[in-house]
Amino acid sequence: MSRTKTFLQNSITTAMYQAIVMISGFIVPRIMLVYYGSEINGLISSINQFITYFNLVEAGLSGATVYSLYKPLADDDHKAISAIVVAAKNFYMKSGYFFVGLVLALSFIYPLFIHLDELSPMSISILIIALGAKGFLEFFTLAKYRTLLTAAQKTYVISIASSVYVILNTIIIFVLSMLKCNILVVYIFAIVALYARSLILIIYARRNFNYIDFNEKPNNGALNKRWDALFLQVLQSVHIGAPTVLATILTSLKMVSVYSVFNMVMVGINGILSIFVSGLSATFGDIIVRNEVDTLQKSYKEFECIYYMIITFVYSVTMIMLQPFVNVYTTGIKDANYYQPLIAFLFVLNGFLHNLKTPQGMLVISAGHYKETKWQTITQALIAIVFGFIFGKYLGLVGILAGVCLSNLYRDIDLMFYIPKNVTHLSYKSTLIRIIRKFIDFIIIVIPFYYIKFDISNYLDWVLYAILTSIYAVAVILVEGFIFERNSIKSIFDRVLSIVKKTRVN
């Protein structure tokens, strides 16, 4: 299968998965707000963020395993593949025990600092364990297969299995909440959905990678990039999760709920954007290990071109439509103020800055440059935490988001120079000029709508205005693209058209 066809296959299934995640991401928080209130919604968001941090006990292992599998998979070396998978399995088991210990510790400590009228300390402890159950299964059963499928560019299998899990999880939460069950009952029963995902991945991996010998001597040395990758993954997670933790410390659970509602939309948008990146780290990793320099440069320039066009469209429309959506979404919710235009602006700005570095960040992973970018990643996380704390102390959630924006701006500038020098050997100027043009596109799209007032009172109104806004945004981006990026756009179009024609013939 060609790389482009593999990419399209992975992208389609990822698109399906992200659409399901986005729909679920809108349904579940709304259920929490309506049936359990803003404080419970904030509590669950806060707990989930801590559990996300606990997943860092395997930080670097996934990235190092995937990177180390590129060459043996390209060489079809079954013995080498088995040795790496066995080593990864052993590390994941050890990491799993640490994860369990951290979740149990949180279940004892967290209730000492958070007090709610709706839930007793014991109930909060049980809720933490229920929310941590997904991690238990991930470490002890799935992780070794997930990394193998990712390295083999078969992320479509992961997307399908994960889609089944999200659908079942959402149905369980929806039905039990409608029946007005206790929040503990809801999330304890939701654990059942995890087993469906586990079963699908395990069956597929055992049938399609039946040559894996778990008695093979583990190749621990193949994972020597783990500790370098750990820095990257830990600090990225700290950076992403810092706003929730800082909001928990510096504000209130109601403000955490406000953050979580806006963040819910942005997570959904990032999920959509991940469709265009899904599996590409493995694809570019394969190109790099084969030392195909010309292919790397051509493919990267095309990807950067189309990805920047996509994020300009997505975030310019989001800048216009985010607050109106939140207004409709939180209709009838009176226990917290969800009308926060400045917070909406900072969320979108941060999302745009974050995704500007996605093409370069992907190549850091593909090339295994974890150690080489360690200090830059540390700096990025420190900017988010330090400035987020200082600004947040005086400005609340606005200050926290401003600190995160600064950290992403720093990383954008850093990677814009690092990747051309150390990986692609292209000029950084083309990326810089492209970014400037996209900011101009962004401004041209957004500015008129600050003078046009929308009267949106329901989802149908919102969809109609979003369509009109999108048409205008596409027009602006395409005009600019055909003026300055005509050759790259034509090359991308020809490549996709070639795959479509071959698919029809087959």
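Residues in the sequence shown are numbered consecutively from 442, following the working numbering.
Ideal placement from N, C-alpha and C gives every residue a C-beta, glycine not left out.
One Cα belongs to TYR851, the other to THR455, and the distance between them is close to 30 angstroms.
Nearest to MET696 by alpha-carbon distance, out of SER452, SER487, ILE924 and TYR551, is SER487. Of the residues ILE819, PRO659, PHE615 and ASN778, the one whose Cα lies closest to the Cα of ARG471 is PHE615. Our two residues, VAL605 and ARG638, have alpha carbons roughly 7 angstroms apart in a direct line. In the DSSP assignment, MET473 falls outside any alpha helix (DSSP H), carrying neither H nor E. Scanning its chain for C-beta atoms nearer than 8 angstroms, with the 5 sequence neighbours on each side dropped, one finds around ILE824 the residues GLY844, LEU847, SER848 and TYR851, in chain order. By the neighbour-count definition (other C-beta atoms within 10 Å, threshold 16), VAL734 is an exposed residue. Secondary structure note for TYR892: it is in no alpha helix (DSSP H), with a DSSP letter that is neither H nor E. ASN899 is the residue among MET803, ASN899, TYR869 and ILE841 whose C-alpha sits nearest the C-alpha of PHE766.
Straight-line measurement puts the Cα of TYR458 at about 15 angstroms from the Cα of LEU642. Membership of GLU813 in any alpha helix (DSSP H) is not indicated, and neither H nor E is assigned to it by DSSP. Collapsing the DSSP output to three states places SER807 in a helix. In the three-state scheme derived from DSSP, where H, G and I count as helix and E and B as strand, CYS622 is classed as coil. Contact annotation: ALA515 and LYS585 have beta-carbon atoms that are not nearer than 8 angstroms. In the structure shown, GLY478 falls within a coil segment according to DSSP collapsed to helix, strand and coil. Pairing VAL686 with GLN450 gives a Cβ-Cβ distance that is not under 8 angstroms.
As the crow flies, the alpha-carbon of MET762 is around 8 angstroms from that of TRP903. Between GLY682 and TYR494, the C-beta spacing is below 8 angstroms.
The C-beta of ASN610 has 16 or more other C-beta atoms within 10 Å across all chains shown, which makes the residue buried. Taking 8 angstroms as the cut-off, the beta carbon of ILE710 is found no closer than this to the beta carbon of THR753. With contacts defined as CB atoms closer than 8 angstroms, GLN781 and LEU867 fail to qualify as a contacting pair. Per DSSP, THR736 is one residue of the alpha helix (DSSP H) stretching across 734–770. If the five residues before and after ALA574 are omitted, its C-beta is found closer than 6 angstroms to the C-beta atoms of ILE632, all from its own chain and listed in chain order.
GLY573 sits in coil when the DSSP states are folded into three classes, being neither helix nor strand. Annotation: THR692 is outside any alpha helix (DSSP H) and is labelled neither H nor E by DSSP. In the assembly as shown, THR814 is a buried residue. Its beta-carbon has 16 or more other beta-carbons within 10 Å. In the structure shown, the three-state DSSP call for ASN496 is helix.
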